[in-house]
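In UniProt numbering, the protein residues as written are 1 to 250.
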């Protein structure tokens, strides 16, 4: 506790100092960055849309069914396929098919989602065939939420059913690049979750992290943006590549 301060004043002071440190970190590290890429590969939840409240309710009810701690289950589920979450929590000997079926039933009750700032405007600038979505959601729920948020559908939509291994395995991003006919090393991945960030790096892509789920300070070794309003895209008519410009990267 700081000297000569009450307990409440000390807490307030520590909070103010922490805010100042974070502000200084952001101001010191903000810079303009640009990349050329053959395609952009987006995660969905936390990157293009925010369905965190719906997901919390879904996994909360799922956890209740199995008598598990809701917060622990919700924390483990972000950015992972339902199958992978169920297996990691219940163990290999559990009836994973039944667990996923229960999740699917609960998921069907929740279609609510909001759009991440800048997502709609950005997607409308990118030509079809130059972007994809790689999500741990099922195809049904991915399409439902994209439609709910009035976002365009990509030419390549890689969902939970289309890969044998979910994030952090790079299979989804590698498949997206293959489906678009581009070199993964000439792609930029946008992600918000730890597993997805690892998957993008392991695939060989350039990774940009959105500070929509975790604060920018959580990713000292990554290029981080606040949201998609920080991004602009232009098509180079000569090279056929995308020019991706960032107003600021932390």
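Backbone N, C-alpha and C fix where the C-beta goes; we use that ideal spot for every residue, glycine too.
For residue i, which residues of its own chain have a beta-carbon under 8 Å away from its beta-carbon, when the five flanking residues on both sides are left out?
i, result
"residue 252", "The structure shown does not extend to residue 252, since the chain spans only 1 to 250, so no value can be given for it."
"residue 60", "70, 73, 74"
"residue 37", "186, 187, 188, 206, 241, 242, 244"
"residue 230", "118, 246, 247, 248, 249"
Of the residues the options, which one's Cα is nearest the Cα of residue i?
i, options, result
"residue 151", "123, 95, 215", "123"
"residue 155", "178, 212, 191", "178"
"residue 182", "242, 99, 97, 164", "242"
"residue 33", "236, 223, 239", "223"
"residue 148", "131, 160, 83, 116", "116"
"residue 210", "176, 226, 93, 78", "226"
"residue 48", "143, 175, 162, 219", "143"
"residue 129", "153, 109, 106", "153"
Going by the CB atoms, is the gap between residue j and residue i shorter than 8 Å?
i, j, result
"residue 133", "residue 157", "yes"
"residue 184", "residue 166", "no"
"residue 81", "residue 136", "yes"
"residue 111", "residue 145", "yes"
"residue 161", "residue 139", "yes"
"residue 228", "residue 127", "no"
Whose C-beta lies closer than 6 Å to the C-beta of residue i among residues of the same chain, with five residues either side of it excluded?
i, result
"residue 23", "In this prediction, residue 23 has a pLDDT of 41, which is less than 50 and means its spatial position is unreliable; nothing more can be read from the coordinates."
Round the Cβ separation of residue i and residue j to the nearest angstrom and send it over; I've been treating them as touching at under 8 Å.
i, j, result
"residue 195", "residue 215", "Not confirmed; about 18 Å, so no contact."
"residue 113", "residue 50", "6 Å"
"residue 190", "residue 208", "5 Å"
Grab me the residues of residue i's own chain with a C-beta within less than 7 Å of its C-beta, minus the 5 sequence neighbours each way, in chain order.
i, result
"residue 100", "82, 83, 86"
Exercise. How do the segment 32-42 and the segment 189-207 stand: do at least 3 beta-carbon pairs fall below 8 Å, yes or no?
Worked result: Using a Cβ-Cβ distance cut-off of 8 Å, the segment 32-42 and the segment 189-207 are in contact, since at least three pairs of beta carbons, one from each stretch, lie closer than that value.
For this session: Evaluate contact between the segment 83-93 and the segment 104-121, counting only Cβ atoms and requiring at least three cross-stretch pairs below 8 Å.
Result: Pairwise C-beta distances place the segment 83-93 out of contact with the segment 104-121, as fewer than three of them are shorter than 8 Å.
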